[in-house]
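Right, one structure below, let's go through it.
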Amino acid sequence: MKSIPDETPLSAISIPGTHGSLSLYGGPLAKCQVWTLDKQLKVGLRFFDVHAGIWLQTQDDIYIWDSHWMLSQHIRFDEALRIIFNFLNVHSSETVLLKVTLHGVFKRKVVRLMKKVIEKYRNKIWTGLSVPNMQQARGKIVLLQSDTFRPGAKNSFSLFFENHQLINVEDKIRKLKPHLCDHHIVLTDSAASRFNSPKWLAQTINKQLNDFVVQHMKSSLNQGCLGVLSMNFPSVDLIKKIIQIKQCGFNAYLYHSGSVYREAN
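Per my numbering, the sequence shown runs over residues -4 to 260.
This is the structure we're talking about:
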């Protein structure tokens, strides 16, 4: 991200990321990734979808779970933050987007615990509603709002995929330009249902996404950012291709031409 101009908003950058980023355990219906968080950072992933909670009211440590079965992923939330901050301390021109969804019956306590953690790192975590530019985001974690944890930048889901198929994406990108390229983070997420394996979904979706990104860079009339692309089991090659997509000329898009996204919160 070092070469990206400081004034560029994060919404104008194509950012590769993972769904169920820390779901490495629990069998084929729970496991979404094979790389550890440290490895994901090193291969270029910059958006992380994290699910967390506590099992008992007396617990004071927030644990990472998978998104469907509430299975422990053998890492605490504060440990995940330390891994990210260690990376950012070395690579201070980078930024990391983090979306946290809370689960379980003790969400109120988890919210309180989360706010304490964020306060501890308040100079290193962006919690504002607005989308920061690169100068504001470098060296920091940028929180994105979820429906269970509200601090962070507003974001919306794209509708690029319909029933696991890419449908009329170029037309949707054209309509999304005012949001992608200025003030609104748009997230394309590929999440398996409870009884479909993430591995099956990756096999269904990732090749489509790879072929689309290649074609988009070659011939699209709407070349520029695609927003955040969140995947299960992404390949290094696909990650590199997403990173290579140029930033859109965000100053050029000042119109609104229809809604092709839905609120993510």
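Don't be surprised by glycine CBs; every beta carbon is placed ideally from N, CA and C.
Using CA atoms only, rank isn't needed, just tell me which of the options is closest to residue i.
| i | options | result |
| --- | --- | --- |
| LEU139 | SER151, ASN128, MET129 | SER151 |
| GLY222 | SER192, GLN198, ALA186, ARG169 | ARG169 |
| PHE101 | ILE57, HIS211, GLN203 | ILE57 |
| ARG51 | SER87, VAL29, GLY99 | It should be noted that the sequence gives Leu, not Arg, for residue 51. The shortest Cα separation from LEU51 among SER87, VAL29, GLY99 belongs to GLY99. |
| GLY147 | THR183, LYS135, PHE155 | LYS135 |
| SER88 | ARG133, PHE156, SER9 | ARG133 |
| SER188 | VAL112, ILE59, HIS159, VAL137 | HIS159 |
| LYS111 | GLN203, ILE(-1), ASP55, HIS69 | ASP55 |
| HIS211 | PHE155, GLY48, GLU165, LYS94 | GLU165 |
| ILE234 | SER9, GLN131, ASP44 | SER9 |
| ILE240 | VAL209, VAL29, SER230 | VAL209 |
| VAL85 | PHE155, VAL231, LYS(-3) | LYS(-3) |
| GLN68 | SER18, MET109, LEU108 | SER18 |
| THR53 | TYR116, VAL105, TRP30 | VAL105 |
| ARG103 | GLY12, MET65, ILE49 | ILE49 |
| PRO4 | GLN130, THR13, ARG107, PRO229 | GLN130 |
| ASP14 | LEU66, THR183, LYS115 | In the sequence under discussion, the amino acid at residue 14 is His, which differs from the Asp named in the question. Measuring from the Cα of HIS14, the nearest candidate turns out to be THR183. |
| LEU161 | PRO23, ASN191, PHE207 | PHE207 |
| GLY12 | VAL231, GLY22, LEU40 | LEU40 |
| ASP232 | LYS213, LYS202, SER214, LEU154 | LYS202 |
| LYS167 | ILE238, SER215, GLN198, ILE70 | SER215 |
Mind reading off the beta-carbon distance from residue i to residue j? Whole number of angstroms is fine, and I expect it under 8 Å.
| i | j | result |
| --- | --- | --- |
| LEU97 | VAL91 | At roughly 19 Å, the Cβ-Cβ gap does not stay under 8 Å, so LEU97 and VAL91 are not in contact. |
| LYS119 | PHE80 | 6 Å |
| LEU36 | SER16 | With 8 Å as the limit, LEU36 and SER16 do not qualify as a contact, their Cβ atoms being about 10 Å apart. |
| ASN163 | GLU2 | Contact doesn't hold; Cβ gap of about 31 Å is too wide. |
| VAL181 | SER141 | The pair is not a contact, with the Cβ atoms about 15 Å apart (cut-off 8 Å). |
| TRP60 | HIS46 | 5 Å |
| ILE113 | PHE156 | Going by Cβ atoms, the distance from ILE113 to PHE156 rounds to 31 Å, so no, they are not a contact pair. |
Do residue j and residue i come within 9 Å of each other at the CB atom, strictly closer than that value?
| i | j | result |
| --- | --- | --- |
| LYS26 | LYS194 | yes |
| SER225 | PHE42 | yes |
| SER185 | LEU196 | yes |
| LYS236 | ASN217 | no |
| GLN242 | ILE78 | no |
| VAL126 | HIS63 | no |
| VAL137 | LEU93 | yes |
| LEU24 | ASN227 | no |
| LYS149 | LEU124 | yes |
| TYR116 | LEU66 | no |
In terms of DSSP beta bridges, what is residue i paired with?
| i | result |
| --- | --- |
| ASP184 | SER225 |
| ASN128 | PRO4 |
| SER67 | TRP60 |
| ALA75 | In DSSP, ALA75 forms no bridge with anything. |
| ARG47 | According to the sequence provided, residue 47 is Ala. The question's Arg does not apply to it. Its beta-bridge partners are ILE59, LEU97. |
| PHE207 | Answer is none; PHE207 lacks a bridge partner. |
| ALA148 | LEU139 |
| ILE(-1) | Paired residue(s): none; ILE(-1) is not in a bridge. |
| ILE120 | ILE136 |
| PHE42 | GLY12, LEU92 |
Between which two residues does the beta strand (DSSP E) holding residue i run?
| i | result |
| --- | --- |
| ILE136 | 136 to 139 |
| LEU189 | For the record, residue 189 in the displayed sequence is Arg; it is not Leu. Where ARG189 is concerned, there is no enclosing beta strand (DSSP E), given that its DSSP letter is neither H nor E. |
| LEU93 | 91 to 97 |
| GLY12 | 10 to 13 |
List the endpoints of the continuous alpha helix (DSSP H) containing residue i.
| i | result |
| --- | --- |
| ASP273 | Since the first and last residues shown for the chain are -4 and 260, residue 273 lies out of range. |
| ILE162 | Looking at the DSSP string, ILE162 is not in any alpha helix (DSSP H), and its letter there is neither H nor E. |
| VAL112 | 102 to 115 |
| ILE234 | 231 to 239 |
| GLN35 | 32 to 37 |
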